[in-house]
Amino acid sequence: MLDYVTSYLKSNTTPGQAGNLLWAFIYIILIFLGLSVAVIAMNWLERKILAHMQVRLGPMRVGPHGLLQPIADAIKLLIKEDIMPAEADKSVFWIAPVLVVITAFTTFIVVPFGPTHAVTDMNIGVLFMLGVSSLSVLGIVMAGWASNSHYPLIGALRSSAQMVSYEIAMGLAVVAAVLMTSLHGVGLYGVAHGAVGDGTLSMIDIVKAQQDQHAWFIFKFFPLGLIAFFIFAVAMVAETNRAPFDLPEAESELTAGFHTEYSGFRWSLFFLAEYSAMIAVSSIAVTLWLGGWLRPFATWLTGETWDLVFSLFPAATFLLLALIAIVGTLRMPKHPYFRVQTIGLAGFAAVLALIGIVLLMPPVRDRIQDIYWFSLKVAGFMYLYIWYRGTFPRYRFDQLMRVGWKVLLPVGLGVLILTAIVGVLL
Amino acid sequence: MTDPSTYISHLELGERDETFLDSNELIINMGPQHPATHGVLRVILKLDGEKVLGTECVIGYLHRGVEKIAENRTYAMFNPYVDRMDYVAAVSNGLGYCEAVEKVLNVEAPPRANYIRVILAELNRLASHMLWLGTHALDIGAITPLFYTFRDREEILKIFEKYCGARLTTHAFRIGGCLYETYDGFEKDVTKFLDFVTPKIDEYEELLTTNRIWVERTRNVGKISGKECIALGVTGPVLRASGVRWDLRKAQPYAAYSEFDFEIPIGQNGDTYDRYLVRMAEMRQSLHIIRQAVGKIPEGPIMAKVPKVIKPPVGEIYHSIEAPKGELGYFIVSDGSTQPYRVRVRPPSFVNLQALDMMVRGQLVADVIAVIGTLDIVLGEVDR
Amino acid sequence: MTPVATPFFFYLLSSLALLGGILVITRKNAVHSALALILTLLALAGLYLMLYAPFVAGVQIILYAGGIMVLFLFVIMLVSIEKSQREEQFNKQWIAGLVAAVALGALFVRVFVKSKALHDLAGMHPAQLPEQSNTQEIAVYLYGNYMLAFEIASLLLLVAIIGAVVMAKKRI
Amino acid sequence: MVPITILHYLIVAAGLFVLGVVGVLTRRNVVIILMSIELILNAVNLNLVAFSRLWGLHGQVFAIFVITDAAAEAAVGLGILIAFFRNKETVNVDEVDLLKW
């Protein structure tokens, strides 16, 4: 059994490529669980971070520092009465949230958490991700239409128009990055060897290309890579309907947009889909521009010592979190009323510390590194999402369209053309 | 008063306007339960996609018959009721009412009372503007300023509570002056608050004034010219943002306003952005006034000689003050008895709300929200 | 990427595609028809993947399911469908149409049963396509052999955009 | 189990094609007729891709052209549909019996 596991771990392919159904299944389960945990954590973190930006405390009652709040919310949503408007189109109303969730989760099939940590590696990986995530617009249109109500319909129309428009800019930025996989670049931007190599759409190969070229694509052909990344970073916020592009669910205008009529479990599916879509597009951004699972300073800080230092990061992170939790435990009010919470927080700290210690072990340490760096970069994007939400007012619909069509699209085209010219000529 | 639930709008719903692609117009009911209508305002919107073809405000969901109640109460008994109209600026309401009755009675509040009145009224203006800023920004999608302004407004409410025991509907003034003497350390508290809040206003401006999205969302939105404002009777910051230098505190000084040095901020374009800037400047001016007043509150009585039973002579009077939202006027008809024959309130929100249709026609749904916010209406005052 | 359990997936996807097709032409509600068509399109994308045409599958998902069908749904929402749902669903000459279609179907069946050439096809060994560089090969064809056709296609799209705008908007 | 050959794909394509033809010939709703045309185009595409498995990538390239065509056709067709609906307030194809009005 153990031999089988280690033999697989040493095989250096993704389960999909190896045609190994069992491992593919295990990976799917792992990703599903991981995503669910991430969404729950994200829920708590968003409330906490946003609250602290807004000079308040956020959830504090359910569990120590509100740690159990998302779980309480999940339970509340699940046992809530499921309301379906009388005039709604029953079947479509039913399918819409399911479709949105399925598309949000399906994209994760090709997300490479590490050189071998992906369900499969498609040679159209990026195309697949963009395509499947563009399907979620169908679910949103269906939800808005099936509710048979004005606000959801306007929300759905806004949302679909927005997603279709920003997909184009997004696609151009992606193509620019894909183009970079084939251009090694010499001369002015010279890293090494000139020839035009093979381009690829595969997520894993894109990261490998960044590894081979010793440059994350965000820094490649400076500033072209940076501009392409910036276009993608803007378009991806619009694509996931988050602030400041959250018009489809603009609370002050359309009450809740396309999911106004949804409640309970169905609503929670939309919630789940929104957050997993955020993680999905962030994963694309990380893969294409930020070097995926590669650790930072891979070319500058080389050598055994640095490798060791960087491999200690995952454990250090968890130990730091544990330390924060311990400090929190010590600062808990010394009152019998808080005893359960204090014990809970101490237990949480212990779990974090345990994970940290497990991550210190050399075999685990080496294996987990890729996933750690990938997740850390994605987490950075998640923080950005929250930050935007706390800072920006909402765009108006015409302004949104103007930004999409008149700014991002031409700039994206220009970057694409310049990338090609720079790559071939220089 | 029509029954709001059966009310049919005059939007010519059957008539077809020219729409893009000749699609059907969409009639949308915004409110009375809607997160951005600041209460129970119901706006019927006729839309061509996102474009507003026309609006119709349906009001009266919060109608409590305040003016009718006045006819069955003595002058002093009616005083607390006015606080319930514009409940975010209760002090100003009370000030206007007390001064109107004093005018009928022909008494004058003593200078010390006037100073206290000015300080509290200006604090109240600050509180009202802060609430406006928070909710307006929230409507446009910036959620953070709301919490900042509520934090700082809390300090004002604390001063109110210390002064008269109530936070929101204060009933701080009585006919003829003030009931309560300032508590020990009132001046210190107010000064401390001034020092606390001055940088905070910069903080709000830092978040919004140069924020690209904020500027794009508010500039050239809900434009209204000074002429149109005057034609519609629109007053307050909305009028001033359209470039008309009209402030009752300067034009017909009441209380102790003639003794202070302050400026009337005005705008040029009369758009939502200018109204924002004007209100921010007004907050600074209020601070300036309070700072002057708090240093030199004169000694003396706080109550003029007012008979126990208030029985004004027969006559009528119109007295108006500059409330945070505009000109707040009281028209009082006295028949010589202990109860007013008629009290008519000229609420600024009600009059300003008229401008909504003119301001949003041809703009987008999102602008309706912005304009409702920028008009700074309080439904308690609109419906009375 | 070796497809696993090929026959199973083939039968699953093709039955889904055919089921979607049947639903498209039988539903009263145009939105339901559109959703059924999406089902067909996605099943076909799966079939393309099985035929080692990943790029076509990707384009199918992005363009067809994500683009064209959204357009369809938009238009269905723009034209009110309540009225057309209450009306007769089939046109005046539906019998003639059905007969013609069935005749076509019968022709297909006969061809499939009798044609020797087709049965030879079944025996033919599929060409071993370079699977990894499939997308690149397509690009080479598109920008090489079919350059002119590619440019004409872009012109066609331009004409279609202008035409659609002109027709949908009465006054420009 | 019978191994899946090109013939199987052709049979599926033929089935889709017939379904599309039935839809075009019998339905009254223009939107559904347009969708039936999409079905027909997809049947052809399936054939093309299936054949490309035998004779090289030309079939796939052509399938991409067909998808491009389908996009253009949908845009123009739906544009006509909107113009038609505006004038007649219906999407019934039987009502389209005038060349000009």
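Protein chains in written order, with the numbering used here: chain A, 13 to 438; chain B, 649 to 1032; chain C, 6 to 177; chain D, 23 to 123. All C-beta atoms in this analysis are idealised placements derived from N, C-alpha and C, irrespective of residue type, glycine included.
DSSP beta-bridge partners for residue i?
i, result
"L674 of chain B", "B:L695"
"T703 of chain B", "B:L693"
"H967 of chain B", "B:Y978"
"V1012 of chain B", "Residue 1012 of chain B is actually Leu in this sequence, not Val. According to DSSP, which records beta bridges pairwise, L1012 of chain B is partnered with B:K699."
"R822 of chain B", "B:G825"
"V1094 of chain B", "A question about residue 1094 of chain B goes unanswered here, because the residues of chain B that appear run from 649 up to 1032."
"P988 of chain B", "B:S982"
"R49 of chain D", "C:F95"
"N114 of chain D", "D:N51"
"M951 of chain B", "B:G825"
How many whole angstroms separate the CB atoms of residue i and residue j, which I take to be in contact at a CB cut-off of 8 Å?
i, j, result
"G918 of chain B", "A899 of chain B", "The Cβ separation is near 19 Å, so there is no contact."
"A255 of chain A", "R401 of chain A", "4 Å"
"P988 of chain B", "S997 of chain B", "Actually they do not touch by this definition, with Cβ atoms about 22 Å apart."
"G713 of chain B", "V730 of chain B", "The pair is not a contact, with the Cβ atoms about 13 Å apart (cut-off 8 Å)."
"Y178 of chain A", "G416 of chain A", "5 Å"
"V984 of chain B", "P955 of chain B", "In the sequence under discussion, the amino acid at residue 984 of chain B is Gly, which differs from the Val named in the question. Going by Cβ atoms, the distance from G984 of chain B to P955 of chain B rounds to 13 Å, so no, they are not a contact pair."
"H777 of chain B", "I1025 of chain B", "Rounded, the Cβ-Cβ distance is 14 Å, inconsistent with contact."
"D1031 of chain B", "G708 of chain B", "6 Å"
"R990 of chain B", "E719 of chain B", "7 Å"
"A189 of chain A", "L300 of chain A", "4 Å"
If you compare alpha carbons, which of the options is closest to residue i?
i, options, result
"S447 of chain A", "B:K944, B:A820, B:I675, B:Y729", "Because chain A spans 13 through 438 in this model, residue 447 of chain A falls outside it and cannot be assessed."
"A245 of chain A", "A:L364, A:D224, A:S294, A:L34", "A:S294"
"P405 of chain A", "B:G977, B:K953, B:R860, B:V882", "B:R860"
"A344 of chain A", "A:G151, A:L331, A:A358, A:L333", "Rather than Ala, the amino acid found at residue 344 of chain A in this sequence is Met. Answer by Cα proximity: A:A358."
"G744 of chain B", "B:F979, B:V755, B:V999, B:E930", "B:F979"
"I823 of chain B", "B:A769, B:L896, B:V755, B:H777", "B:V755"
"G276 of chain A", "A:L421, A:A36, A:L191, A:I87", "A:I87"
"I180 of chain A", "A:T193, A:G143, A:G211", "A:G143"
"L160 of chain C", "D:T90, D:A85, D:I54", "D:T90"
"T818 of chain B", "B:P728, B:Q1011, B:K836, B:G1028", "B:P728"
"Q940 of chain B", "B:V926, B:V892, B:H967, B:F908", "B:F908"
"A97 of chain D", "D:M57, D:G45, D:W77, D:V66", "D:M57"
"F726 of chain B", "B:V706, B:H711, B:A748", "B:A748"
"V1013 of chain B", "B:R927, B:F808, B:A903, B:K694", "B:K694"
"T703 of chain B", "B:L827, B:D1015, B:L1027", "B:D1015"
"A952 of chain B", "B:E750, B:V766, B:L786", "B:E750"
"D734 of chain B", "B:Q1011, B:Q1002, B:G977", "B:G977"
"L324 of chain A", "A:M215, A:R307, A:A432, A:F233", "A:R307"
"M65 of chain A", "B:L794, B:V700, B:P885, B:G1028", "B:L794"
"T112 of chain D", "C:A158, C:I157, C:L83", "C:L83"
**Asked** Along the stretch 846-867 of chain B, what residues have a CB closer than 8 Å to any CB found in chain A?
**Response** The stretch 846-867 of chain B vs chain A, Cβ under 8 Å: L855, L856, N859, I861, W862, E864, R865.
**Message:** Tell me which residues of the stretch 53-70 of chain A have at least one Cβ-Cβ distance to chain B shorter than 9 Å, keeping chain order.
**Reply:** Result list: L62, A63, M65, Q66, V67, R68.
**Item:** Entirely enclosed alpha helix (DSSP H) segments - the stretch 50-88 of chain C, minimum 4 residues
**Value:** Fully enclosed alpha helix (DSSP H) runs of 4 or longer: 59-64, 74-83.
**Request:** Quick one: which unbroken alpha helix (DSSP H) runs of 4-plus residues sit fully inside the stretch 271-305 of chain A? Chain order, please.
**Result:** Those alpha helix (DSSP H) runs which fall completely within the stretch 271-305 of chain A and span 4+ residues are 276-301.
**Item:** Interfacial residues, the stretch 151-169 of chain C to chain A, with Cβ spacing under 7 Å
**Value:** For the stretch 151-169 of chain C, the set of positions with a beta-carbon nearer than 7 Å to some beta-carbon of chain A is empty.
**Item:** Members of the stretch 75-94 of chain D near chain C, C-beta cut-off 8 Å
**Value:** From the stretch 75-94 of chain D, only R75, L76, W77, G78, L79, H80, Q82, V83, A85, I86, F87, I89, T90, D91, A92, A93, A94 have a Cβ closer than 8 Å to chain C.
**Item:** Inside the stretch 101-183 of chain A only - alpha helix (DSSP H) runs reaching at least 4 residues
**Value:** Qualifying alpha helix (DSSP H) stretches, in chain order: 102-118, 137-158.
**Message:** If the cut-off is 8 Å on Cβ atoms, which residues from the stretch 234-250 of chain A count as contacting chain C, listed in chain order?
**Reply:** Going along the stretch 234-250 of chain A in chain order, one finds no residue with a Cβ nearer than 8 Å to chain C.
**Request:** For the stretch 401-413 of chain A, enumerate the residues whose C-beta is nearer than 9 Å to any C-beta of chain B, in chain order.
**Result:** For the stretch 401-413 of chain A, which is checked against every Cβ of chain B, the residues closer than 9 Å are R401, G402, T403, F404, P405, R406, Y407, R408, F409, D410, Q411.
**Asked** Going along the chain, which unbroken runs of the alpha helix (DSSP H) with 4 or more residues stay wholly within the stretch 358-411 of chain A?
**Response** Note on the stretch 358-411 of chain A: whole alpha helix (DSSP H) runs with a minimum of 4 residues are 374-403, in chain order.
**Positions along the stretch 272-287 of chain A whose CB lies within less than 7 Å of some CB in chain C** = Taking 7 Å as the Cβ-Cβ cut-off against chain C, none of the residues of the stretch 272-287 of chain A qualify.
**Item:** Inside the stretch 840-920 of chain B only - beta strand (DSSP E) runs reaching at least 3 residues
**Value:** Unbroken beta strand (DSSP E) stretches of 3 residues or longer found wholly inside the stretch 840-920 of chain B: none.
**Prompt:** Listed in chain order, which residues of the stretch 16-33 of chain C have Cβ atoms closer than 8 Å to some Cβ of chain D?
**Reply:** Those residues of the stretch 16-33 of chain C placed with their C-beta closer than 8 Å to a C-beta in chain D are S19, A22, L23, G26, I27, V29, I30, R32, ordered along the chain.
**Request:** Output, in sequence order along the chain, the residues in the stretch 53-65 of chain C whose CB is closer than 7 Å to any CB in chain A.
**Result:** Listed in sequence order: P59, F60, G63.
**Item:** Ranges of the alpha helix (DSSP H) found wholly within the stretch 215-257 of chain A, counting only runs of at least 4
**Value:** Entirely contained in the stretch 215-257 of chain A, the alpha helix (DSSP H) runs reaching 4 residues are, in chain order, 215-224, 236-251.
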